[in-house]
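The structure appears below as structure tokens.
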Amino acid sequence: MAEEESKPVPAEQESLVKAGQVSQWLTENGFEHEFLEPDKNGVEIIKVEPDVLLPIATALYAYGFNYLQFQSGIDLGPGQDLVSAYHLVKVSDNVDKPEEVRVKVFLPRENPRVPSVYWIWKTADWQERESYDMYGIIYEGHPNLKRILMPEDWVGWPLRKDYISPDFYELQDAY
11 MAEEESKPVP AEQESLVKAG QVSQWLTENG FEHEFLEPDK NGVEIIKVEP
61 DVLLPIATAL YAYGFNYLQF QSGIDLGPGQ DLVSAYHLVK VSDNVDKPEE
111 VRVKVFLPRE NPRVPSVYWI WKTADWQERE SYDMYGIIYE GHPNLKRILM
161 PEDWVGWPLR KDYISPDFYE LQDAY
């Protein structure tokens, strides 16, 4: 029996990542998604398509993820996808380490549209506005999707990796 335990695991089996608890629950309940490798802290990461974000977000809220800790945009690089990322936490009494999950929606750079989760987690309000303002991700159904950091007439999305800064800087009265 000791000989069986010392046998090396084939490289194919070693590279497989086992789906986490939340991913297994989503699969059991018929929600289409892709399980990605957990982050360095062991937080489960789930990839979903834009058209199933709202059903999955609603299911995760019902599952107990009652707090949207952050929502953010990510640019994977010039010519590549943009990502809308959501970090969800189960907040409850007397918990030393709350359960966490991260949901990522990969969007085409040319027309990055995703449904707003504002109606599920109100904390998404300004966070989605910031992702819109900095990356140009359009959150359909958001009640007040407009620029929050840049002037309303600003052209472009400053945190995109292919953004070209204008040659001018507006002087402001700081005094």
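Following our numbering, the numbering of the sequence shown begins with 11 at its first residue and continues without gaps. Just so you know, even glycine gets a beta-carbon here, dropped at the ideal spot from N, CA and C. Just so it is clear, the structure is predicted and the values come from calculations on it, not from any experiment.
DSSP state of residue i, grouped into three classes?
i	result
residue 31	helix
residue 173	coil
residue 168	coil
Which one or two residues does DSSP pair with residue i in a beta bridge?
i	result
residue 82	95
residue 44	57
residue 117	92
residue 101	Answer is none; residue 101 lacks a bridge partner.
residue 77	99
residue 110	99
Using only the alpha-carbon positions, how far apart do residue i and residue j sit?
i	j	result
residue 145	residue 113	18 Å
residue 130	residue 94	16 Å
residue 47	residue 150	28 Å
residue 158	residue 85	19 Å
residue 73	residue 138	23 Å
residue 110	residue 142	25 Å
residue 56	residue 140	22 Å
residue 162	residue 155	11 Å
Please report the Cβ distance between residue i and residue j, rounded to the nearest whole angstrom; I am assuming they are in contact, meaning their Cβ atoms lie under 8 Å.
i	j	result
residue 117	residue 92	5 Å
residue 59	residue 32	The Cβ separation is near 17 Å, so there is no contact.
Ordered list of alpha helix (DSSP H) runs contained in the region 125-160, each at least 4 residues: 134-145
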